[in-house]
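Presented below is the structure to which this report refers.
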Amino acid sequence: MQPSPPLTRDTIHSTLSTKWLGRRIELFDCLPSTNREAVQLVQAKVEHGTVVIADSQTAGRGRLSRSWFSPAGANLYCSIILSATRPAERLTEWLSWLPLISALAAAEAIEQVSSVQVSVKWPNDLLISERKVGGILCESGTGAGSGPFQVIGIGLNVNGDRGDWPADLRDSATSIWQERKIVVDRNRLLAQLLLELEQCLDELAAHGTNRLAMAYHKRCSTIGHKVQASLANGSVILGLVEGIGQDGSLRIRPEAAQPGSGTPEVMHLRVADIIHVRR
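What follows is the structure, given as structure tokens:
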């Protein structure tokens with residue numbers, strides 16, 4: 118693990134250039150989970166755009182309640198609270214694209230501070246050289262008297278080294294330090310992340326998915342490859358990923374069941390449908 122500047126409110130605020138995101142920062146030395154703390158703050162009617170940050174987590178988690186390795190002093194763990202009212206007719210689009218544009222924003226932030234190329238594995242895994250450098254966990258619900266809310270949880274591997282990982286993660290995980298051998302100031306990375314995310318959220322709210330979908334498509338390493346998709350219902354689909362649907366779903370054309378049976382119709386798989394996608 119490489120020594121890096123500590124996370125502080127003053128440093129974050131002095132670097133932050135957002136209009137509304139992160140104007141309130143809740144910073145902790147250690148939490149079970151930043152998402153869990155964010156949901157509790159929503160119930161206390163905390164303001165829209167509040168950001169929860171922890172130097173370490175004891176029960177960090179990703180999609181499907183998978184554990185997220187969260188040691189102190191090296192990485193970035195944060196959760197963003199969104200509680201602004203959305204038009205009912207656009208709420209489905211908003212919820213479907215939230216994980217995707219969050220991954221897009223995180224990838225762009227990493228590139229801005231480190232110049233390392235980041236791709237996105239649908240829907241929201243961040244990869245450098247095909248190894249995971251970060252992930253997103255989006256949750257939604259209804260607050261007590263505050264209406265619908267969303268929480269975007271983001272975990273980024275920043276200054277950790279290969280020897281810091283548990284043995285079972287060393288071949289599949291990486292960090293900015295491992296790839297570039299530069300120590301990244303997590304305060305600066307957070308400020309850049311919040312700026313990129315604010316711009317993506319404002320774009321989605323004002324103009325929909327057109328530009329964001331094109332940007333995501335360019336970054337998505339899943340598109341154009343044959344994959345094995347394991348579904349929540351226990352079935353497995355083998356096929357070619359042709360793109361991303363307007364609703365953020367994965368467009369996959371299954372392999373023909375039998376030779377000469379014709380071209381199968383494209384399937385649209387949502388985030389909730391899938392346990393994992395492997396190439």
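Using the numbering used here, the first residue of the sequence shown is number 118, and each one after it goes up by one.
Each residue gets a CB set at the ideal place from its N, CA and C atoms; glycine is no exception.
Should residue i be labelled buried (16 or more other beta-carbon atoms within 10 Å of its own) or exposed?
i, result
"T125", "exposed"
"P240", "buried"
"I392", "exposed"
"Q234", "exposed"
"I129", "buried"
"P123", "exposed"
"P120", "exposed"
"E225", "buried"
"D146", "exposed"
"S213", "buried"
"Q160", "exposed"
"G291", "Here residue 291 is Thr; the residue named in the question, Gly, does not match the sequence. Counting Cβ neighbours within 10 Å, T291 comes out buried, since at least 16 surround it."
"D319", "exposed"
"R287", "exposed"
"Q375", "Confidence at Q375 is low in this model, with a pLDDT of 47, below 50, so its placement is unreliable and the value that follows should be read with caution. Q375 comes out exposed."
"I361", "buried"
"D281", "buried"
"R303", "buried"
"L208", "exposed"
"I299", "exposed"
"E143", "buried"
"T326", "buried"
"N192", "buried"
"D172", "buried"
In the structure shown, what three-state DSSP assignment does residue i receive?
i, result
"S231", "helix"
"V250", "strand"
"P216", "helix"
"L124", "coil"
"G360", "strand"
"T259", "strand"
"S200", "coil"
"K298", "coil"
"H334", "helix"
"I293", "helix"
"R207", "helix"
"G277", "coil"
"A349", "coil"
"H385", "strand"
"A171", "strand"
"R395", "strand"
"R303", "helix"
"R328", "helix"
"D319", "helix"
"D288", "coil"
"L181", "With a pLDDT of only 48 at L181, under the threshold of 50, the placement of this residue in the model should not be trusted, and no figure is reported."
Please state whether the Cβ-Cβ distance between residue i and residue j is less than 8 Å.
i, j, result
"L307", "I218", "no"
"T151", "Q174", "yes"
"R109", "V237", "Nothing can be reported for residue 109, as the shown portion of the chain is limited to 118 through 396."
"L386", "L357", "no"
"I293", "I340", "no"
"E372", "L348", "no"
"A346", "V394", "yes"
"Q267", "L311", "no"
"G277", "P188", "yes"
"S196", "K249", "no"
"I369", "V344", "yes"
"D364", "E210", "yes"
Residue i and residue j look like a contact to me (Cβ under 8 Å); what is the Cβ gap, rounded to whole Å?
i, j, result
"G251", "L221", "Not confirmed; about 12 Å, so no contact."
"V168", "G258", "With a Cβ gap of about 18 Å, V168 and G258 do not count as contacting."
"R141", "V230", "Actually they are not in contact, since the Cβ atoms of R141 and V230 sit about 23 Å apart, beyond 8 Å."
"A223", "I271", "6 Å"
"L314", "L148", "Wrong, their Cβ atoms sit about 20 Å apart, outside the cutoff."
"H165", "S200", "5 Å"
"L244", "S131", "About 31 Å separates the two Cβ atoms, so there is no contact after all."
Taking 8 Å as the threshold (beta carbon to beta carbon), is residue i in contact with chain D?
i, result
"V268", "In summary, chain D is missing from the structure at hand, where a single protein chain is found."
(message) Threshold first: 3 residues or longer. Then list the beta strand (DSSP E) segments lying entirely within the stretch 122-161, N to C.
(response) 142-148
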